[in-house]
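Peer 1: There's a structure below that I have some questions on.
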Amino acid sequence: MSRSRERGKMAQILGGSLLIVSTALLIFHMRWTSLAPSRSRAPPFRANEHSGPMTASMPHDSSEIDLHPEDHVYRSPKTLRHTWNITSARLSPDGVSKDVFLINGQFPGPTIEARSGDVLEIRVWNLLERDDEHVSIHWHGLYMRGANHMDGASAVTQCPIRPGTAFTYRFELDASQEGTFWYHAHSDVQRGDGLYGGLVVHRPSEKSDLAVYGYRKESLLLIGDWYHRPAKDILAWFMDPLFHGAEPCPDSMLINGRGHFDCSMAVPARPVDCHAVGTPWLQLDKQERQRLRIVNVGTFTGITLTIPDAEIQLVEVDGGQKVQATETTDSVGILYPGERMDLVVSWSELGQQRPSRLIISLDPENFQTPNNALTATQSFPIADANTIPSGENVTPNTERNMTTPLNLATVGGQELAQPLPEPMDFIVLYSAIQMLSQQKGIPQGFLNRTTWRKQSSPSLPLLTLKREDWDKHQLVAWTGPKAGWVDIVVNNQDGAGHPFHLHGADFFVLSSWRGQSISDYYNPWDGRQTPRGDPLNTVNPLRKDTVYVPAFGYVVLRFLADNEGIWMFHCHLLWHQASGMAMSIQVMGDGEHGFSNHTFGEAARDYCVSES
Numbered sequence: 237m238s239r240s241r242e243r244g245k246m247a248q249i250l251g252g253s254l255l256i257v258s259t260a261l262l263i264f265h266m267r268w269t270s271l272a273p274s275r276s277r278a279p280p281f282r283a284n285e286h287s288g289p290m291t292a293s294m295p296h297d298s299s300e301i302d303l304h305p306e307d308h309v310y311r312s313p314k315t316l317r318h319t320w321n322i323t324s325a326r327l328s329p330d331g332v333s334k335d336v337f338l339i340n341g342q343f344p345g346p347t348i349e350a351r352s353g354d355v356l357e358i359r360v361w362n363l364l365e366r367d368d369e370h371v372s373i374h375w376h377g378l379y380m381r382g383a384n385h386m387d388g389a390s391a392v393t394q395c396p397i398r399p400g401t402a403f404t405y406r407f408e409l410d411a412s413q414e415g416t417f418w419y420h421a422h423s424d425v426q427r428g429d430g431l432y433g434g435l436v437v438h439r440p441s442e443k444s445d446l447a448v449y450g451y452r453k454e455s456l457l458l459i460g461d462w463y464h465r466p467a468k469d470i471l472a473w474f475m476d477p478l479f480h481g482a483e484p485c486p487d488s489m490l491i492n493g494r495g496h497f498d499c500s501m502a503v504p505a506r507p508v509d510c511h512a513v514g515t516p517w518l519q520l521d522k523q524e525r526q527r528l529r530i531v532n533v534g535t536f537t538g539i540t541l542t543i544p545d546a547e548i549q550l551v552e553v554d555g556g557q558k559v560q561a562t563e564t565t566d567s568v569g570i571l572y573p574g575e576r577m578d579l580v581v582s583w584s585e586l587g588q589q590r591p592s593r594l595i596i597s598l599d600p601e602n603f604q605t606p607n608n609a610l611t612a613t614q615s616f617p618i619a620d621a622n623t624i625p626s627g628e629n630v631t632p633n634t635e636r637n638m639t640t641p642l643n644l645a646t647v648g649g650q651e652l653a654q655p656l657p658e659p660m661d662f663i664v665l666y667s668a669i670q671m672l673s674q675q676k677g678i679p680q681g682f683l684n685r686t687t688w689r690k691q692s693s694p695s696l697p698l699l700t701l702k703r704e705d706w707d708k709h710q711l712v713a714w715t716g717p718k719a720g721w722v723d724i725v726v727n728n729q730d731g732a733g734h735p736f737h738l739h740g741a742d743f744f745v746l747s748s749w750r751g752q753s754i755s756d757y758y759n760p761w762d763g764r765q766t767p768r769g770d771p772l773n774t775v776n777p778l779r780k781d782t783v784y785v786p787a788f789g790y791v792v793l794r795f796l797a798d799n800e801g802i803w804m805f806h807c808h809l810l811w812h813q814a815s816g817m818a819m820s821i822q823v824m825g826d827g828e829h830g831f832s833n834h835t836f837g838e839a840a841r842d843y844c845v846s847e848s
């Protein structure tokens, strides 16, 4: 008998006795207090210190990552080569000590800046000490056209990189693609322990936004929730049937790898190695317009950003997708994990004279378990161009007089020159976290009654195998042998939302609807049913690669299925993805071989064989 997450929690409340609850709490405390980081630590590779990411010896500088479009927008496309060494080290990003993944000694990893049409060649060395710590890197939001085997989806498009070995990612940035992207681990749950970084693709000079919006500086902010325990332990806690699918609440938040945790708030049942650190700060010239590229790199929580006394203009979302003109505001949200937004910020003459701060609020929608140690709304000082705040600890000031936040869920795209073509096919999905009796009540993520697990027999990426050789539990929709438009309808049967990300493509969001129960679904194959929300928007739909699916609701997405390959589609909440809320979509190819006889299928297989 299956149960939705909502039913499971009701059963916990209504059927549990005081003794059972007390016992559960005691076990919970005992398990938390016994947890200890288990990953081996290698000494970090030292990198040049610069504004932004944390290094093993952290400088006292501002937290924003300064970007340099002038180095890229005026030149011709070229090949950019990098060598990355992945290690781990004990760091204290917010004052609490934790094992963190590093790339070339940095957390977050190095920021990649390029221009449309460049070729990226990145040799990744896995120098982690544990034999089971395999690695793969996904380039979030990039089309990866003609390079499906470089997408980094472990067990789908590549064998992961084993410790002591290297893999070279090589792919061309699409000439039509520019904007704010990022990269992150797509193996196990390493993203939750810091294996990520920024990736910005600048527009060539003839299309540059510098003149359009009149800003003088670009900065990158990688913002997200943060857990003090290893991500593997957090996942184990979530998948323990004792807790009925209630996700652990984060402990803190970081901006570009830095945060501020009040050590006095640590819960006795979950002791941490904590020391006081100063509140991170940003340095922005309030006399000039600034472009802030924001990425939610978190594992679980949406964020809202507020800058009191500032005028914020939303200009793009995800990978350079223009939005319909909106009025300026001082607050924008909710931005969910995996999503991006580009803001142009300016200050009035009065605002220039007042102290400024960036306020970040974590969305509490998924906070099913309380965490008294978390300060869910925090503020970070903004220093002017010639000012450096003191290094003293600052109590976050969250008092504000602000307008109602600009709701990202209601933002439209630019009007299309002509309405979108009708779809040639539909992919209808039903997502849920379920606790099945035959699985001993372990919470698992499902799409159409299928929970994702990596291929087991043979244990090779799907890209390398004929479809008949795939395990029976693999859910892979096929769009057909020819290119065409396809609608994806995602029905969310949970009482909380899920942000879904599609690899290898972006899509138009034609409809988004929040329901009241699991009966508020939409099935376009049912000729008697019409969308419960507004009619499908084919005039000015927003274009994205990551979209939030509301509680008990649905989204209708239309994408052009013309990029050959097998592309993952999954919830970007890390605990849900890791518990199985994932699938793939085969675009083109054939119904027998998939892409096993294709150039990139053979290339992926050759790498796996060489590493076996």
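With positions in the sequence shown counted from 1, the corresponding number in the working numbering is that position plus 236. By construction, the Cβ of each residue, glycine as well, lies at the ideal position given by its N, Cα and C atoms. From a predicted model like this one, the values you see are computed outputs, not experimental measurements.
Taking only three categories from DSSP, how would you classify Leu471?
Peer 2: In this structure, Leu471 counts as helix in the three-state DSSP scheme.
Peer 1: If we call anything under 8 Å between Cβ atoms a contact, is Ala719 one with Ala787?
Peer 2: Contact flag unset, no.
Peer 1: Does DSSP classify Leu255 as helix, strand or coil?
Peer 2: At Leu255 the pLDDT is 40, less than 50, meaning the model places this residue with poor confidence and gives no usable figure here.
Peer 1: Would you report the Cα separation of Arg439 and Val309, rounded to the nearest angstrom?
Peer 2: Answer to the nearest angstrom: the Cα atoms are 6 Å apart.
Peer 1: By a C-beta neighbour count over all protein chains shown, 10 Å radius and 16 as the cutoff for buried, is Leu586 buried or exposed?
Peer 2: Answer is exposed; the Cβ neighbour count stays below 16.
Peer 1: In three-state terms, what does DSSP make of Val845?
Peer 2: In this structure, Val845 counts as helix in the three-state DSSP scheme.
Peer 1: Any idea if Thr535 is buried or exposed, counting beta-carbon neighbours within 10 angstroms, 16 or more meaning buried?
Peer 2: Buried, because 16 or more other Cβ atoms sit within 10 Å of the Cβ of Thr535.
Peer 1: Short of 6 Å in beta carbon distance, which residues of its chain neighbour Ser848, apart from the five on each side in sequence? Order them along the chain.
Peer 2: Hits under 6 Å: none found.
Peer 1: Go through its chain and collect everything with a Cβ distance to His829's Cβ below 6 Å, but skip five positions before and after it.
Peer 2: Excluding residues within five positions, the ones whose Cβ falls inside 6 Å are Lys702.
Peer 1: So, Pro679 versus Gly481, is the Cβ gap smaller than 8 Å?
Peer 2: In this structure, Gly481 lies closer than 8 Å to Pro679 by Cβ.
Peer 1: At what residues does the alpha helix (DSSP H) containing Leu586 begin and finish?
Peer 2: Note, Leu586: alpha helix (DSSP H), Glu585 to Gln589.
Peer 1: Hey, quick one: how far does the beta strand (DSSP E) through His376 stretch, first residue to last?
Peer 2: Here the beta strand (DSSP E) through His376 covers Ile373 to His376.
Peer 1: Between the C-alpha atoms of Asn909 and Val503, what's the straight-line distance to the nearest angstrom?
Peer 2: A query on residue 909 cannot be resolved here, the shown segment of the chain reaching from 237 to 848 and no further.
Peer 1: Output needed for Val531: all residues of its chain with C-beta closer than 6 Å, excluding positions within five of it in sequence on either side, in chain order.
Peer 2: If we look at Val531 and ignore the five residues flanking it on each side, its Cβ neighbours are Trp418, Leu458 and Arg576.
Peer 1: What is the residue span of the alpha helix (DSSP H) that Ala546 lies within?
Peer 2: Note, Ala546: premise wrong, no alpha helix (DSSP H); beta strand (DSSP E) at Ala546 to Val553.
Peer 1: Alpha carbon to alpha carbon, how far is Leu904 from Ile539?
Peer 2: The first residue shown for the chain is 237 and the last is 848, placing residue 904 beyond what the model contains.
Peer 1: Give the C-beta separation of Ile596 and Asp566 to the nearest angstrom, bearing in mind that I take them to be a contact with Cβ-Cβ under 8 Å.
Peer 2: Actually they do not touch by this definition, with Cβ atoms about 13 Å apart.
Peer 1: Which one or two residues does DSSP pair with Phe403 in a beta bridge?
Peer 2: DSSP, once it has assigned bridges, lists Val360 as partnering Phe403.
Peer 1: Using alpha carbons as the reference points, say which of Asn384, Thr766 and Asp521 lies closest to Ala840.
Peer 2: It is Asn384 whose Cα lies nearest to the Cα of Ala840.
Peer 1: Evaluate contact between the region 375-384 and the region 516-523, counting only Cβ atoms and requiring at least three cross-stretch pairs below 8 Å.
Peer 2: Because the criterion of three Cβ pairs below 8 Å is not met, the region 375-384 and the region 516-523 do not touch.
Peer 1: Does the region 330-337 come into contact with the region 402-418, if we say contact requires no fewer than three beta-carbon pairs (one atom in each stretch) closer than 8 Å?
Peer 2: These segments do not touch.
Peer 1: In chain order, what residues of the same chain have a beta carbon less than 6 Å from the beta carbon of His370, not counting five sequence neighbours either side?
Peer 2: Contacts found: Pro396, Arg398 and Ser423.
Peer 1: Quick check: Pro777 and Phe805, are their CB atoms within less than 8 Å of each other?
Peer 2: No, these two residues do not count as a Cβ contact at 8 Å.
Peer 1: Hey, out of Pro313, Leu642 and Pro507, whose CA is closest to Gly569's CA?
Peer 2: Nearest C-alpha to Gly569: Leu642.
Peer 1: By DSSP, does Leu772 sit in helix, in strand, or in coil?
Peer 2: Residue state, collapsed to three classes: coil.
Peer 1: Which term fits Lys780, buried or exposed, when burial requires 16 or more other beta carbons within 10 angstroms of its beta carbon?
Peer 2: Burial call: buried.
Peer 1: Apart from the five residues just before and just after Asp826, which ones in its own chain have a Cβ nearer than 8 Å to its Cβ?
Peer 2: Pro717.
Peer 1: At which residue ranges does the region 483-509 contain complete beta strand (DSSP E) runs of 3 or more residues, listed in the order of the chain?
Peer 2: Correct list: 488-491.
Peer 1: Which same chain residues end up closer than 6 Å to Pro313 when comparing Cβ atoms and leaving out the 5 residues on each side of it in sequence?
Peer 2: The residues are Gly353 and Asp354.
Peer 1: Check whether the Cβ of Leu550 sits closer than 7 Å to any heavy atom of the ligand ZN, and report yes or no.
Peer 2: Questions concerning the ligand ZN fall outside what the structure shown contains, since it holds no ligand whatsoever.
Peer 1: Per DSSP, which residues does Ser820 bridge with? Please list them.
Peer 2: BP columns for Ser820 point to Val712 and Met804.
Peer 1: In this structure, does DSSP put Ala653 in helix, strand or coil?
Peer 2: Coil at Ala653, not helix or strand.
Peer 1: So, are the CB atoms of Thr537 and Phe616 less than 8 Å apart?
Peer 2: Going by C-beta atoms, Thr537 is not nearer than 8 Å to Phe616.
Peer 1: Could you check what DSSP says for Trp811 in three-state terms: helix, strand or coil?
Peer 2: Note: Trp811 maps to helix in three-state DSSP.
Peer 1: DSSP state of Thr416, grouped into three classes?
Peer 2: Strand.
Peer 1: By the 10 Å Cβ neighbour count, where 16 or more other Cβ atoms means buried, how is Pro329 classified, buried or exposed?
Peer 2: Buried is the call here.
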